[in-house]
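Since the structure comes first, as structure tokens, the remarks are kept for the end.
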Amino acid sequence: MSPASEIARAVATLRAGGLVAFPTETVYGLGADAENPDALARLFAVKGRPTDHPVIVHVGASSALDEWAIDVPDTARELAAQFWPGPLTLVTRAGPRVSRLATGGLDTVGLRVPDHPLALDLLRAFGGGVAAPSANRFGQVSPTTADAVRRELGDDVDRILDGGPCVVGVESTIVECTGDEVAVLRPGRITSEMIEAVLGRAPNIGGTTRAPGSLPAHYAPDARVELVAAAEVESAVVRLRDGGHRVGVLGLAADVVGLDSAVTLATVVTVDEYARVLYAALRAADEMGIDVVVAVPPAAVGIGIAVRDRLRRAATAGSVQR
Ligand code: TXA
Ligand code: MG
Numbered sequence: 051m052s053p054a055s056e057i058a059r060a061v062a063t064l065r066a067g068g069l070v071a072f073p074t075e076t077v078y079g080l081g082a083d084a085e086n087p088d089a090l091a092r093l094f095a096v097k098g099r100p101t102d103h104p105v106i107v108h109v110g111a112s113s114a115l116d117e118w119a120i121d122v123p124d125t126a127r128e129l130a131a132q133f134w135p136g137p138l139t140l141v142t143r144a145g146p147r148v149s150r151l152a153t154g155g156l157d158t159v160g161l162r163v164p165d166h167p168l169a170l171d172l173l174r175a176f177g178g179g180v181a182a183p184s185a186n187r188f189g190q191v192s193p194t195t196a197d198a199v200r201r202e203l204g205d206d207v208d209r210i211l212d213g214g215p216c217v218v219g220v221e222s223t224i225v226e227c228t229g230d231e232v233a234v235l236r237p238g239r240i241t242s243e244m245i246e247a248v249l250g251r252a253p254n255i256g257g258t259t260r261a262p263g264s265l266p267a268h269y270a271p272d273a274r275v276e277l278v279a280a281a282e283v284e285s286a287v288v289r290l291r292d293g294g295h296r297v298g299v300l301g302l303a304a305d306v307v308g309l310d311s312a313v314t315l316a317t318v319v320t321v322d323e324y325a326r327v328l329y330a331a332l333r334a335a336d337e338m339g340i341d342v343v344v345a346v347p348p349a350a351v352g353i354g355i356a357v358r359d360r361l362r363r364a365a366t367a368g369s370v371q372r
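FYI, this note's numbering numbers position 238 of the sequence shown as 288, with every residue one higher than the one before it.
Next comes the structure, spelled out in structure tokens:
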């Protein structure tokens, strides 16, 4: 099918209240018409997501800010001008067009213009807003390929647009801009330093309102995830192997090479590569029947902050379940 007819079919599916998975630069999203209550209900049901957890509304251009939000502060406009299309979600006061089903009842809305040609084609052809969480079941690892979406959601998704592997690999930075407040609610590719460079002041971290759904335990594979320092990888692997576990290791190549008794889940040299392959590596661990993933977090610089955040949540999930 040509890309144009694929987009046309996906638009028809959205208009009919169906669910369309689509690629973005961060992770794949599971999209529904943000103004169709039945479609939103089905979206939450398929995700297995509590209805008070808001979803991001994806739009095709920055100009949509004023169609979906009210009282938009200059900070939000400046960040949109600089980073959209891109891996940034802006939380602002919701306008009347926003369904409270999409915001989980909140008076704010998360808006994002993703930077992926297929996503932009879809959003511009559809014209409206597409409510889309990451295309995984609640609490699981976000998918970064169309194949991962297929395996995760099967027949529960009506259509999947395949745009290849996602280049960023971890979810967008969420920044709340309401009144005078500027706060990073979830770290991502757009760092606090990048935000400070645009606004001339550093954002708060965490903010006055947490992002509902950013639970301490999240983004978790079936395998248990253990975080260790580079110097302790070898002893951790030996201890786990001697305990009868099948072990995988994840980290920068300099930190994890040359271990005989563990499966190397990814070979990455830079922190950007680490972010790009993180979720695919965690999925691969489950497919290989790995019991424990020994992960060495990268330095807390740039997107490394987001990788550390997701690894910490994956590790917390394991300690809660087991
Ligand atoms: O990169 C991404 O952001 C991906 C792609 C598909 O765009 N989407 C994504 O969606 O990660 P999801 O639903 O998995 O995570 C969205 C997060 C949730 O933690 C939610 O609480 C937060 O965004 N969020 C959405 N609207 C919000 C709002 N009005 N106030 C605070 N947090 C909000
Ligand atoms: Mg998600």
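Built from N, CA and C at the ideal position, the CB exists for glycine as well.
How would you write the range of the alpha helix (DSSP H) that residue i sits in, first residue to last?
| i | result |
| --- | --- |
| Thr174 | The sequence given here places Arg at residue 174; Thr does not occur at that position. Segment Pro167 to Phe176, the alpha helix (DSSP H) holding Arg174. |
| Phe188 | Segment: none, Phe188 is in no alpha helix (DSSP H) and carries neither H nor E. |
| Arg147 | Unbroken run through Arg147: none, as it is neither H nor E. |
| Leu115 | Leu115 to Trp118 |
Would residue i and residue j be called neighbours here (beta carbons separated by less than 7 Å)?
| i | j | result |
| --- | --- | --- |
| Ile106 | Gly160 | yes |
| Arg147 | His108 | no |
| Ala82 | Leu69 | yes |
| His268 | Gly145 | no |
| Thr194 | Gly219 | yes |
| His14 | Val342 | Nothing can be reported for residue 14: it is not among the residues displayed for the chain, which extend from 51 to 372. |
| Ala316 | Val327 | yes |
| Val96 | Ser184 | no |
| Leu90 | Leu151 | yes |
| Ala331 | Leu300 | yes |
| Ser52 | Pro137 | no |
| Ala303 | Val319 | yes |
| Pro237 | Ala325 | no |
| Ala71 | Val248 | no |
| Pro73 | Leu168 | yes |
| Gly154 | His103 | yes |
| Leu173 | Gly110 | yes |
| Val288 | Ala365 | no |
| Ile340 | Gly298 | yes |
| Ala75 | Val207 | Here the sequence assigns Glu to residue 75, which means Ala is not the residue at that position. Contact flag unset, no. |
| Arg165 | Pro135 | Checking the sequence, you will find Asp at residue 165 rather than Arg. Yes. Within cutoff. |
| Asp197 | Asp272 | no |
| Arg14 | Gly98 | Given a span of 51 to 372 for the chain in the structure shown, any question on residue 14 remains unanswerable. |
| Glu226 | Val141 | yes |
| Ala270 | Ala182 | no |
| Leu211 | Ala60 | yes |
| Val346 | Ala280 | yes |
| Thr125 | Arg143 | no |
| Ile224 | Thr139 | yes |
What residue range is occupied by the uninterrupted beta strand (DSSP E) comprising residue i?
| i | result |
| --- | --- |
| Thr139 | Leu138 to Ala144 |
| Arg65 | Segment Pro53 to Arg65 is the alpha helix (DSSP H) holding Arg65; no beta strand (DSSP E) there. |
| Asp378 | As shown, the chain starts at 51 and ends at 372. That puts residue 378 outside it, with no answer to give. |
| Leu93 | Taken as a continuous stretch (DSSP letters only), Leu93 belongs to no beta strand (DSSP E), being part of the alpha helix (DSSP H) at Pro87 to Lys97. |
| Val159 | Thr158 to Arg162 |
| Leu277 | Arg274 to Leu277 |
| Leu80 | Gly79 to Asp83 |
| Ala71 | Val70 to Phe72 |
| Ala345 | Val342 to Ala345 |
Can you find a C-beta in chain C that's less than 7 Å from the C-beta of residue i?
| i | result |
| --- | --- |
| Thr74 | Of the protein chains in the structure, only one exists, and it is not chain C. |
task = Taking 8 Å as the threshold, find out whether the region 305-312 comes into contact with the region 350-361 through three or more Cβ pairs.
result = Short answer: they don't touch.
request  = Mind listing, in chain order, the continuous alpha helix (DSSP H) runs of no fewer than 4 residues lying wholly within the region 190-250?
outcome  = Note on the region 190-250: whole alpha helix (DSSP H) runs with a minimum of 4 residues are 196-203 and 242-249, in chain order.
Any heavy atom of the ligand MG within less than 6 Å of residue CB: hits in chain order = Those satisfying the condition are, in chain order, Pro183, Ser184 and Ser192.
task = Within the region 283-334, note down every full beta strand (DSSP E) run reaching 3 residues or more, in order along the chain.
result = As far as the region 283-334 is concerned, its whole beta strand (DSSP E) runs of at least 3 residues are 297-300.
request  = Determine, using beta-carbon pairs with one atom in the region 80-100 and one in the region 177-188, whether at least three such pairs fall under 8 Å.
outcome  = The region 80-100 makes contact with the region 177-188: 3 or more CB pairs, one atom from each, lie closer than 8 Å.
inquiry  = Check whether the region 216-233 and the region 129-138 touch, using three or more Cβ-Cβ pairs below 8 Å as the test.
reply    = Judged by Cβ distances under 8 Å, the region 216-233 makes contact with the region 129-138, as three or more pairs qualify.
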